[in-house]
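Below is one structure, written out as structure tokens, with a few remarks after it.
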Amino acid sequence: MAFRVGVFSTKKHDREFLGQATSSLTNLDLSYLEVRLTEETAPLARGFDAVCLFVHDLANQAIVETLAAEKIRYIAMRCAGFNNVDLNACQTHGIKVSRVPAYSPYAVAEHAVGMILELNRKYFRAHTRIRENNFSLDGLAGFDVHGKTVGVVGTGKIGECFSRIMNGFGCEILAYDIQENPALVELGVAYVELETLLAQSDMISLHCPLLPQTHHLINEATIQQMKPGVMIINTSRGGLISTPDVIQGIKSGQIGYLGLDVYEEEEGVFFEDLSDQIVTDDQLMRLNTFPNVLMTSHQAFFTREALLNIARTTTENLMCWAEGKSCPNEISG
Ligand code: NAD
Numbered sequence: 096m097a098f099r100v101g102v103f104s105t106k107k108h109d110r111e112f113l114g115q116a117t118s119s120l121t122n123l124d125l126s127y128l129e130v131r132l133t134e135e136t137a138p139l140a141r142g143f144d145a146v147c148l149f150v151h152d153l154a155n156q157a158i159v160e161t162l163a164a165e166k167i168r169y170i171a172m173r174c175a176g177f178n179n180v181d182l183n184a185c186q187t188h189g190i191k192v193s194r195v196p197a198y199s200p201y202a203v204a205e206h207a208v209g210m211i212l213e214l215n216r217k218y219f220r221a222h223t224r225i226r227e228n229n230f231s232l233d234g235l236a237g238f239d240v241h242g243k244t245v246g247v248v249g250t251g252k253i254g255e256c257f258s259r260i261m262n263g264f265g266c267e268i269l270a271y272d273i274q275e276n277p278a279l280v281e282l283g284v285a286y287v288e289l290e291t292l293l294a295q296s297d298m299i300s301l302h303c304p305l306l307p308q309t310h311h312l313i314n315e316a317t318i319q320q321m322k323p324g325v326m327i328i329n330t331s332r333g334g335l336i337s338t339p340d341v342i343q344g345i346k347s348g349q350i351g352y353l354g355l356d357v358y359e360e361e362e363g364v365f366f367e368d369l370s371d372q373i374v375t376d377d378q379l380m381r382l383n384t385f386p387n388v389l390m391t392s393h394q395a396f397f398t399r400e401a402l403l404n405i406a407r408t409t410t411e412n413l414m415c416w417a418e419g420k421s422c423p424n425e426i427s428g
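The working numbering runs 95 ahead of the 1-based position in the sequence shown.
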């Protein structure tokens, strides 16, 4: 008998890569649902044995209760972060949860570096000008990345890749983490207190998970501790940054550049084509008006290699569960 899996928040690439990964398997039967998992859509889990979720699907206590009532026994996250899942509620209802802890730290680290280069050298603005036959360099001056100090908050898999790339640029790297990464110490990265990192970095890149301890890590007080004109890059989770506080920091000039691949209120907006709709999020719209803010729609992970690895690991996790084997990627509260 095949285990039925409801894949929420399905996009074209999910169908393609998960479809390929599961095509030869007879004990997994995947159904693709385009909707996000929310309180309204949770009853759609009826008839499935498991659900497969992504970053914008919500599995809070109430939704987990609905999933349990619909006899869901397994949640396969097809992402690394699981801040959107109430693990305690899952445990209470005997629902196992797995994730894809690593699929391509390079993809995310490289995207963060791309954001630094674009904010600094303004390629998009130059390209747009040149297409209008405006070959002026006015306003395009950047800075040498070489020799600058980069602060890395969170030095796990992605933070390590990012640090190695920035080391290649000739930057001095300061790191803050609750746990030192010996490979980075060997590379010459200096672990410091957060206050020191904030005060001494020309660029700060966030690579720690969103937890109660890291929620709004970037706020009015921490922004004030930074160098005037600092560059902040967030490819981790939107909730690490207080949006009103960074808007104020940009308006005052304290923040010189802001690169966001993630945004606190991105659910229901990022990944969607809203080009013929009125976007009602005033903070998002305000961020979009600044010339020194670059936003991407949670695409840092989005490489072919990452999609392939996500599909493979998600399938392996589901197979472990279907065959009653223990799975190294299961997480508990
Ligand atoms: P990881 O678990 O390998 O590393 C996270 C690091 O953060 C660890 O070294 C950990 O010790 C550290 N950390 C934990 N609590 C901390 C705290 N309070 N202060 C400072 N550091 C702390 O994770 P990873 O694979 O490097 O991923 C990092 C984050 O990137 C994920 O949590 C996820 O939110 C985000 N991410 C984003 C995308 C994207 O497409 N934008 C894709 C994948 C992951």
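Heads up, the beta-carbon is just placed ideally off N, CA and C, and yes, glycines get one too.
- prompt: Secondary structure at E281, three-state DSSP: helix, strand or coil?
  reply: helix
field: Inter-residue spacing [alpha-carbon to alpha-carbon] between T398 and A202
entry: 6 Å
Expected contact under 8 Å - CB spacing of V180 and M172 to nearest Å: 7 Å
query: So what's K166 in DSSP terms, helix, strand or just coil?
result: coil
field: Own chain partners of G429 with C-beta closer than 7 Å, once the 5 adjacent residues on each side are dropped
entry: Look at the range of the chain in this structure, 96 to 428, and you will see that residue 429 is not part of it.
message: Just to confirm before moving on: does the CB-CB distance between M321 and L293 stay below 8 Å?
response: yes
message: Given this structure, state the Cα-to-Cα distance separating A163 from A236, to the nearest angstrom.
response: 57 Å
query: If you drop the 5 nearest sequence neighbours on each side, which residues of the same chain put their C-beta closer than 7 Å to that of V284?
result: S258, I268 and A270
- request: Quick one: residues in its chain with C-beta nearer than 6 Å to the C-beta of A116, no 5 flanking neighbours on either side, listed in chain order?
  value: Excluding residues within five positions, the ones whose Cβ falls inside 6 Å are A406, R407 and T410.
query: Looking only at C-alpha atoms, which of G101, Q295, M96 and F230 sits nearest to I170?
result: G101
- request: Indicate, with yes or no, if the ligand NAD has a heavy atom lying under 7 Å from the CB of K106.
  value: no
- prompt: Are three or more beta carbon pairs between the stretch 327–337 and the stretch 294–305 nearer than 8 Å?
  reply: yes
task: Please name the residue or residues paired with M298 in a DSSP beta bridge.
output: V245 and M326
- request: Using 10 angstroms around the beta-carbon of R194, count the other beta-carbons present and answer buried if the total reaches 16, otherwise exposed.
  value: buried
query: Just to confirm, does T117 get its C-beta within under 7 Å of one of the non-hydrogen atoms of the ligand NAD?
result: Between the ligand NAD and T117, a heavy atom-to-CB distance of less than 7 Å is absent.
- prompt: On the premise that S296 lies in contact with G246, defined as a C-beta separation below 8 Å, what is that separation, rounded to the nearest angstrom?
  reply: 3 Å
task: Within its chain, find whatever has a CB closer than 8 Å to the CB of N215; leave out the 5 residues flanking it on each side and keep chain order.
output: Cβ neighbours of N215 beyond the five flanking positions: G237, F238, V240, M326 and Y352.
- prompt: Which one of G344, Y286 and L212 has the shortest CA to CA distance from T317?
  reply: Answer by Cα proximity: G344.
- request: Please work out which residues of its chain come closer than 8 Å, Cβ to Cβ, to F112, disregarding the five sequence neighbours upstream and downstream, and give them in chain order.
  value: L402, L403, I405 and A406
message: Measuring only from the beta carbon, is K252 closer than 7 Å to any heavy atom that is part of the ligand NAD?
response: yes
- prompt: How would you call V298, buried or exposed, if buried means at least 16 neighbouring beta carbons within 10 angstroms?
  reply: Val is not the amino acid found at residue 298; the sequence shown has Met there. Buried: at least 16 other Cβ atoms inside 10 Å.
- request: Tell me where the beta strand (DSSP E) around V388 begins and ends.
  value: For V388, the enclosing beta strand (DSSP E) covers residues V388 to M390.
- request: Taking only heavy atoms of the ligand ZN into account, decide whether any of them is closer than 7 Å to the Cβ of S347.
  value: In terms of ligand content, the structure shown lacks the ligand ZN and carries the ligand NAD instead.
message: Buried or exposed for N155, going by 16 or more other Cβ atoms inside 10 Å?
response: N155 should be labelled exposed.
task: Please determine, among A204, Q349 and T338, the residue with the shortest C-alpha to C-alpha distance to Q319.
output: Q349
query: When the distance is taken between beta carbons, is A221 closer than 8 Å to C256?
result: no
field: Proximity test, L279 beta-carbon vs the ligand NAD heavy atom, cut-off 7 Å
entry: no
field: Which of helix, strand or coil DSSP assigns to R99
entry: strand
- request: Note the first and the last residue of the continuous alpha helix (DSSP H) segment covering I336.
  value: It is not in any alpha helix (DSSP H) - I336 carries neither H nor E in the DSSP assignment.
message: Buried or exposed for M261, going by 16 or more other Cβ atoms inside 10 Å?
response: buried
Cross-strand partners of A140 (DSSP beta bridge): Per DSSP, none; premise fails for A140.
task: Could you check the C-alpha separation between I211 and K107 for me, to the nearest Å?
output: Distance between the alpha carbons of I211 and K107 is about 29 Å.
message: With H, G and I counted as helix, E and B as strand and the rest as coil, what does DSSP make of C185?
response: helix
message: Measuring only the C-alpha atoms, how far is E425 from S231?
response: 55 Å
D124 - containing beta strand (DSSP E), residue span: Here the beta strand (DSSP E) through D124 covers L123 to Y127.
task: May I ask you to report which of helix, strand or coil DSSP gives M210?
output: helix
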